[in-house]
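Asker: Structure provided below as structure tokens; questions to follow.
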Amino acid sequence: MEQGQAMRTLTLPLVEIFETVEGEGTAAGFPTIFIRLFGCPLRCSWCDTPYSYPPASAEMVLSVDEIIQRVKQFRAARICLTGGEPLLYTRPAIALLNELATLEAIVDIHVETSGAIDLAPFLREVASPKVRYILDYKLASSGETDKMQLSNLKDLRSQDELKFVIASRSDFDQACTVLTDYHVRGTPLFSPVWGALEPSELVKWMLEKGLAHVKLNLQIHKVIWDPAQRGV
Ligand SMILES: Nc1nc2[nH]cc(C(=O)O)c2c(=O)[nH]1
Ligand code: SF4
Ligand SMILES: [Mg+2]
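The sequence shown begins at -2 in our numbering and counts up by one.
The following block contains the structure:
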């Protein structure tokens, strides 16, 4: 088998593939195809997708080729690769990203990663400028800060995003410290934990602190639909 063909037969466990509008980040509001992979090494206290790791199980196992076929059935020009942790399976995830990037109709592929996985192999082996990373740095209220790979922060590029999910004032202060100490490139996003921190409170803190380059990130899919609804 030639190498490209072998890559396309690699398989990944999935939760769901669906089309909706992106609810978060700098591409919020654009029609987007979501590919949600199964599995995550973290257990964030406020996780909103516990159906993406055990004791839940994968809904399906598909080859890279089969995922591409499903993506082609939608009309959105953007893809969000999410989870769980979509970079848990290094070889097949690299193969999937490289194959998705060959699709002419697709202009942007963003990966929602937890910060616990080394980005270096992906940055090295996925060359397409369409592929961007949204690194979700886990603050203290998540209970998972010790799993963060700090080397990832200096590897982010200007097209990438650095998201902080904030549940409290101490999370906010910690996010500010991480930005001061480690942030080099990529758009910083501050996102309130749904139901735990009022967006207006977070905006007040951002303005008081003069965070001129931090963008408020609201999960607009939770405003549009029932916050507990899946597949939207
Ligand atoms: N509409 C919508 N936007 C999203 N952005 C990131 C999501 C995620 O679950 O990673 C998500 C999601 O589940 N739905
Ligand atoms: S990294 Fe994401 S999927 Fe994994 S536990 Fe945390 S919030 Fe949930
Ligand atoms: Mg999510």
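Beta carbons: idealized from backbone N, C-alpha and C, even for Gly.
#1: Does the beta-carbon of residue 61 have 16 or more other beta-carbons within 10 angstroms, so that it is buried, or is it exposed?
#2: Smallest Cα separation from residue 214: which of 207, 223, 226, 196?
#3: Taking the alpha carbon of residue 55 as the reference point, which residue from 17, 85, 9, 31 has its own alpha carbon closest?
#4: Which same chain residues end up closer than 6 Å to residue 157 when comparing Cβ atoms and leaving out the 5 residues on each side of it in sequence?
#5: Here's the rule I'm using: 16 or more other beta-carbon atoms within 10 Å means buried, otherwise exposed. How should residue 22 be labelled?
#6: DSSP three-state call for residue 120: helix, strand or coil?
#7: What are the residues that DSSP puts in a beta bridge with residue 180?
#8: Can you tell me whether residue 160 is buried or exposed, with buried defined as 16 or more other CB within 10 angstroms of its CB?
#9: So is the beta-carbon of residue 111 under 7 Å away from any non-hydrogen atom of ligand 2?
#10: List in chain order the residues whose CB is within less than 6 Å of at least one heavy atom of ligand 2.
#11: Less than 7 Å separating the Cβ of residue 207 from some heavy atom of ligand 1?
#12: Starting from residue 107, follow its DSSP beta bridges and name the residues at the other end.
#13: Which of the three DSSP states is assigned to residue 198 in this structure?
#14: Can you tell me where the beta strand (DSSP E) holding residue 29 begins and where it ends?
#15: Would you check whether ligand 1 has a heavy atom nearer than 7 Å to the C-beta of residue 20?
#16: Residue range of the beta strand (DSSP E) that residue 96 falls in?
#17: So, under 8 Å CB-CB, residue 216 and residue 80 are touching, yes? Tell me the CB distance rounded to an integer number of Å.
#18: Pull up the distance between the alpha-carbon of residue 177 and that of residue 154, whole angstroms please.
Answerer: Let's see:
#1: buried
#2: 196
#3: 9
#4: 129, 130, 183
#5: buried
#6: helix
#7: DSSP lists no partner for residue 180.
#8: buried
#9: yes
#10: 37, 39, 40, 41, 44, 46, 49, 80, 81, 82, 111
#11: no
#12: 77, 129
#13: helix
#14: 28 to 34
#15: yes
#16: Counting along the chain, residue 96 falls outside any beta strand (DSSP E), though it belongs to the alpha helix (DSSP H) covering 87 to 98.
#17: With a Cβ gap of about 16 Å, residue 216 and residue 80 do not count as contacting.
#18: 17 Å
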